[in-house]
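Structure record follows, encoded as structure tokens.
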Amino acid sequence: MAAYGEMATDTMEHLRTLFYTRYKHVYLICKEEIADVEYQSLRRPYFPGKVLNIDVPFLYDFIIRSS
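Start counting the sequence shown at 85; every next residue gets the next number (the working numbering).
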């Protein structure tokens, strides 16, 4: 369980570096999670652990699902 905390810290450092890199476009590819909230199915990015599921979606401007 402690490994997820280290992984989240290292991954967020890397993603923040990419986010603040000027003149570059970044595509982040991840698994998809389907969550049932109030009788609706919401699709959102999925990462292992608890921290990345909360932090990553708010870091980027667009979250696009390809079919």
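All C-beta atoms in this analysis are idealised placements derived from N, C-alpha and C, irrespective of residue type, glycine included.
- In the structure shown, Y111 falls within a coil segment according to DSSP collapsed to helix, strand and coil.
- I113 and I147 have their C-alpha atoms some 10 Å from each other.
- Secondary structure at D120: strand, using DSSP grouped into helix, strand and coil.
- If you look at Y88, you'll find it in the alpha helix (DSSP H) that goes A86 to F103.
- Around the beta-carbon of A86, fewer than 16 other beta-carbon atoms lie within 10 Å, marking it exposed.
- Collapsing the DSSP output to three states places L143 in coil.
- Y104 and S125 have their alpha carbons spaced roughly 32 Å apart.
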